[in-house]
Amino acid sequence: MTQLGHVKITKSDFNLFREAPRHLWAKKHGRIEQPLSEFIQHLSEDGYAVERLAMEYFNALYLPRHPGVELRAQQTFSDGPFEARVDVLLFDRADGSYSLYEIKSSNEPNKDHLYDLAFQAAIVLAALPVTRFFLMHLNKEYIRGGELDLAQLLCADDVTDDVLALLPEIASLRAEALHAAQQSDPNLLGFCLAPRDCPCPGVCHPDLPEFSIYDIPFLGKPKKMELIEQGIRAARDIPDGFGLNAKQWLVVERARTNNEHLDRARLKAELGGLRFPLWFLDYETCISAVPLFDGYHSQQQVVFQYSLQRLDQPGDEALPGGYLSLGAGDPAGGLLERLSAELG
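Below is the structure:
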C-alpha cells in the first residue's frame, strides 16, 4: 500500500468501503485473499463493451446533432486524496457548462449507481461547473433485430437531483473511508456479513467456526448483528428461545449434534409419486449485457448446452444424452431441435 497518510481513494475503493470498511482496509494493506472469479471478469468485460458502444453512440449519433458540444472521455480528477475517472463529460461551448455521464451495463439504474456518480460529482464539482448528471444504461425493452440500434439500445436518465441530494452524505462517507484506509489495525472497523463472498475472510472473519451463524438459511442482518453483539458466531451456540423459524432450528440442531436431518417419510412420498421413464435435465447458460443475436434483449441468458439422462425403470442404468453448441450463431435452434428429438 501507499504510506499511511498518503492514501488515494478511488471510486472502486469507495465502493469497497461501502461494502464493508474492512474490505477497503484489506485492499490498501495487501490482504485481499480471493481473486476475481471468471464470472466477475466476464461482467467486467461486458461493462467495457457497453462503454465502447456508448462512445460510438456519442460520436456517431449525439455529437452530429449537437455541434456546439464537445466530448471528453475518461478524464481523471482529484480532490485531495480522492480520485475519480469520469466516463463521459459533455462540454457545452455556448454556456461553458458540463454534463457528466456514468455508463452502466445494467438494464436500469440502482442506488449503488447513484452513489458511484455522487462520489465522482463531489470530486469533479471542485474543478468544473457540472450542471447535469446522467446514468446511461441498457434499454431492457430493446430486442435486437439485425445490426445493433444504439439509439434504442442505450438510455440516459437525468439523476441530477438525486446526485446533488447525496453530496452531504458522500462528504461524510469519503472522510470515513479515508480514516478506515489509514488505520493500522482493522479490528475496530466494520466487517461484512457474507463470509462466503468475502474478498478477505482472514480480515473480516478470522477464526470463523466451520458451522457458523452465516450458515443459517435466510437469517437476516438484524438477527446476525444481534448474535454477533452477544459474542455468538458458532451456530451451535445460538441459545434456545432465539427468534428462528422451524427450518432454521433444524440447521442449529444439525450443528449441535452433527447428525443429519433426513425426513424419510416425505422422501418416500415424493419418490413414490414418480412415474417412469424419468428424465434428468441440466443446462448451462451464458449472460451477455449486449444482445448477441436477433430476438434477444440485453442481459438475457443464452442456453448453449444441456445434458439429459433417461431412466426407464428402477435399477436400470441411465441413458445419456446432451448437446453443446460450438458454433458462432444463436445456439437455441440447434439445441431445441436436438432436445426435441431426444425427448421423442
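Quick note: the sequence shown uses the numbering used here, first residue -8, plus one each step.
We treat Cβ as the ideally placed atom computed from N, Cα and C, and that holds for glycine.
Nothing here was measured: the structure is a model prediction, and the numbers come from that model.
For Glu102, does the count of other Cβ atoms within 10 angstroms reach 16, so buried, or fall short, so exposed? The residue you asked about is not Glu; residue 102 is Lys in the sequence shown. That one is exposed.
Can you tell me whether DSSP reads Leu134 as helix, strand or coil? According to the sequence as given, residue 134 is Ile; it is not Leu. Three-state DSSP puts Ile134 in a strand.
Note down, one range per segment and in chain order, each beta strand (DSSP E) of at least 3 residues found wholly within the segment 180 to 219. none
From this set, Leu34, Lys238 and Gly222, which residue's C-alpha is nearest Ser289's C-alpha? Leu34
Can you give me the start and stop residues for the alpha helix (DSSP H) that Phe8 sits inside? DSSP places Phe8 in the uninterrupted alpha helix (DSSP H) bounded by Lys2 to Glu10.
Short CB-CB distance (under 8 Å) between Gly234 and chain D: Protein chains in the displayed structure number just one, and chain D is not present.
Looking only at DSSP bridge pairs, what is Asp148 linked to? Leu126
Just reading off the beta strand (DSSP E) that Ile373 is part of, what are its end residues? In the structure displayed, the chain extends from -8 to 335; residue 373 sits before or after that span and is not available.
Give me the Cβ distance between Ala17 and Pro208, rounded to the nearest whole Å; I'm assuming they're in contact under 8 Å. Wrong, their Cβ atoms sit about 27 Å apart, outside the cutoff.
Does the distance from the CB of Gln111 to the CB of Glu93 come in under 8 Å? yes
DSSP-derived helix/strand/coil call for Glu74: strand
Please go through the same chain and pick out, in chain order, the residues whose beta-carbon is closer than 6 Å to the beta-carbon of Thr1, but skip the five residues on each side of it. Glu74
Assign Ala11 to one of two classes, buried (16 or more other C-beta atoms within 10 Å of its C-beta) or exposed (fewer than that). buried
State the Cα-Cα distance for the pair Gln292 and Asp285, rounded to the nearest angstrom. Cα-Cα distance, rounded: 14 Å.
Just verifying my parser: in three-state terms, what is the DSSP assignment at Phe295? Three-state DSSP puts Phe295 in a strand.
Does the Cβ-Cβ distance between Leu310 and Gln300 come in under 8 Å? yes
Residue from Val154, His252 and Leu315 whose Cα sits closest to the Cα of Tyr274: Leu315
Specify, as a first and last residue, the run of the beta strand (DSSP E) that Leu91 falls within. Note, Leu91: beta strand (DSSP E), Ser88 to Ile94.
How would you call Ile219, buried or exposed, if buried means at least 16 neighbouring beta carbons within 10 angstroms? Classification for Ile219: exposed.
Which residue or residues does DSSP assign as beta-bridge partners of Tyr338? This structure leaves residue 338 out entirely; the chain is present only between -8 and 335.
Taking contact to mean at least 3 C-beta pairs separated by less than 8 Å, is the segment 176 to 196 in contact with the segment 28 to 43? no
With which residues is Phe82 paired in a DSSP beta bridge? Glu61 and Tyr89
Candidates Leu241, Lys259, Asp37 and Lys95: which alpha carbon is nearest Gly145's? It should be noted that the sequence gives Leu, not Gly, for residue 145. Comparing Cα-Cα distances from Leu145 to each of Leu241, Lys259, Asp37 and Lys95, the minimum goes to Lys95.
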